[in-house]
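Chemist: There's a structure below that I have some questions on.
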Amino acid sequence: MNKARIFISIAGFCDPMLNFTVKSAIEKARFPDRLRFGIVDQSISSSESSLPAEMGQVAYLHVHPHHSRGVSWARALAMTLYLEEDYFLQIDSHTCFDRNWDVTLIDTLETISRISKSSKVIVSTRPFGFELQPDGNVRKKRFTACTLKLVPKSNVIRLSDPVVLFACENSNEMIDIPGFQISAAFLFTRGYFVEEIPYDPYMYFHGEEQNVSIRAFTHGWDIWHPNRLPLYHLYKKRSGGEPPLHWDKAFDDERVEKWHSMRVRANERLGELLNGSLGRAYSTGTTRTIKQYLELGSFTIQSSS
1026 MNKARIFISI
1036 AGFCDPMLNF
1046 TVKSAIEKAR
1056 FPDRLRFGIV
1066 DQSISSSESS
1076 LPAEMGQVAY
1086 LHVHPHHSRG
1096 VSWARALAMT
1106 LYLEEDYFLQ
1116 IDSHTCFDRN
1126 WDVTLIDTLE
1136 TISRISKSSK
1146 VIVSTRPFGF
1156 ELQPDGNVRK
1166 KRFTACTLKL
1176 VPKSNVIRLS
1186 DPVVLFACEN
1196 SNEMIDIPGF
1206 QISAAFLFTR
1216 GYFVEEIPYD
1226 PYMYFHGEEQ
1236 NVSIRAFTHG
1246 WDIWHPNRLP
1256 LYHLYKKRSG
1266 GEPPLHWDKA
1276 FDDERVEKWH
1286 SMRVRANERL
1296 GELLNGSLGR
1306 AYSTGTTRTI
1316 KQYLELGSFT
1326 IQSSS
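So for the sequence shown, our numbering puts the first residue at 1026; every next one is plus one.
This is the structure we're talking about:
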């Protein structure tokens, strides 16, 4: 591994689990000194001084929730904190890890690269969940040893409303399998991915993963769903007592541009990406075509609603 470094991108929104996530990553890594965090903390007050990391190990930006423009915007900011680390890991701010997760992820990526004869590999899927017990212990909810894959709920993409929702399903296979959709909650790849596929800050929430997947594919990156998945995600139930969301009324009322406007713009950009008219920095690549991506996912485009 030759002292390979990992840049960990975390965008949190009023999330009390941020420190927990950083602590878990450090404590469970085999080589914690090779980790560097890029954190965009969208919260009422800064938590920089309480982060459980060494000085110089964290690049931290604090943004008041009123000024936040959504998760894609925050992830785009986090990417600007990258300093040419060997690997890039994007996670949510409510994540916990298995022991030696860093070695597992690097070994998985390098094994897939060697077998597929491609250096441009992305390891990504929706993580298993976890829960915090009343005593503070973690209960991991790994329900299968098989690989989790992302499957579209519809194979029709309407340019008027181009977002396609994906389900996470049991593949019933015990191997790494190729895919065509990333999960923003867990994405591991080469560090230079940041320079080739910078996050589009004008995306909002739904459609974020489609945007990255399409752009990565057309730039020659291959998406793989790993069998070994050494991290877990705290899924929100919205049953009360949980951290707020970006579009919650209390925050949105204080913003000049409302979340609905941001969502409309993001949908328009995703449609422009798909029809090839987004001729800007966040457009498709030239290694592969949109048509090839649509064929890979068995998608058809419907130009009218």
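By construction, the Cβ of each residue, glycine as well, lies at the ideal position given by its N, Cα and C atoms.
The structure displayed is predicted, hence computed values, not measured ones.
Between the C-alpha atoms of G1232 and I1051, what's the straight-line distance to the nearest angstrom?
Modeler: The sequence position of residue 1232 within the sequence shown is 207, counting from 1. The sequence position of residue 1051 within the sequence shown is 26, counting from 1. For G1232 and I1051, the distance between alpha carbons rounds to 31 Å.
Chemist: Considering just the uninterrupted stretch of the alpha helix (DSSP H) at I1239, what are its terminal residues?
Modeler: Residue 1239 sits at position 214 when you count from the first residue of the sequence shown. First-last of the alpha helix (DSSP H) with I1239: 1233-1243.
Chemist: Does E1079 come out as helix, strand or coil in the three-state DSSP assignment?
Modeler: Residue 1079 sits at position 54 when you count from the first residue of the sequence shown. Here E1079 sits in coil by DSSP.
Chemist: Helix, strand or coil: which one does DSSP assign to R1305?
Modeler: Stepping through the sequence shown from its first residue, residue 1305 is reached at position 280. Reduced to three states, the DSSP call for R1305 is coil.
Chemist: What distance in whole Å lies between the Cβ atoms of I1315 and L1299, which are believed to be in contact at a cut-off of 8 Å?
Modeler: Locating residue 1299 in the sequence shown gives position 274, counting from the first residue. Locating residue 1315 in the sequence shown gives position 290, counting from the first residue. L1299 to I1315, Cβ: 6 Å. Contact.
Chemist: Within its chain, find whatever has a CB closer than 6 Å to the CB of F1113; leave out the 5 residues flanking it on each side and keep chain order.
Modeler: Start at 1 with the first residue of the sequence shown, and residue 1113 comes out as number 88. The answer, listed in chain order, is F1032, T1214, G1216, F1218, V1219.
Chemist: What residue ranges within the region 1037-1089 form continuous alpha helix (DSSP H) runs of no fewer than 4 residues, ordered along the chain?
Modeler: The qualifying runs are 1043-1053.
Chemist: Does DSSP put R1294 in a helix, a strand or coil?
Modeler: If you number the sequence shown from 1, residue 1294 lands on position 269. DSSP places R1294 in helix when its eight states are reduced to three.
Chemist: Out of T1243, G1063, K1142, S1068, point me to the one whose CA is closest to A1078's CA.
Modeler: Position 53 of the sequence shown holds residue 1078. Nearest option by C-alpha distance: G1063.
Chemist: I1140: buried (16+ other C-beta within 10 angstroms of its C-beta) or exposed?
Modeler: Position 115 of the sequence shown, counted from the start, is the residue given in the question as residue 1140. Classification for I1140: exposed.
Chemist: Could you pull out every residue in the same chain whose Cβ sits closer than 8 Å to the Cβ of P1226, ignoring the five residues on either side in sequence?
Modeler: In the sequence shown, the residue the question calls residue 1226 occupies position 201. Correct list, in chain order: R1094, S1097, W1098, A1101, L1102.
Chemist: Beta-carbon within less than 6 Å of H1250's beta-carbon, same chain only, minus the 5 sequence neighbours each way: which residues are those?
Modeler: Counting from one through the sequence shown, the residue named residue 1250 turns up at place 225. T1150, T1172, K1174, I1202, G1204, listed in sequence order.
Chemist: What are the partner residues of C1193, as DSSP defines its beta bridges?
Modeler: Residue numbering aside, residue 1193 sits at position 168 when the sequence shown is read from its first letter. Paired residues: L1175.
Chemist: Less than 6 Å between C-beta atoms, sequence neighbours within five positions excluded: which residues of the same chain meet that for Y1318?
Modeler: The sequence position of residue 1318 within the sequence shown is 293, counting from 1. For Y1318, where only same-chain residues beyond five positions count, the Cβ hits under 6 Å are I1239, F1242.
Chemist: When the Cα of F1230 is compared with those of N1252, V1189, E1156, which residue comes out closest?
Modeler: Looking up residue 1230 in the sequence shown gives position 205. Selected option, being the one with the closest Cα: V1189.
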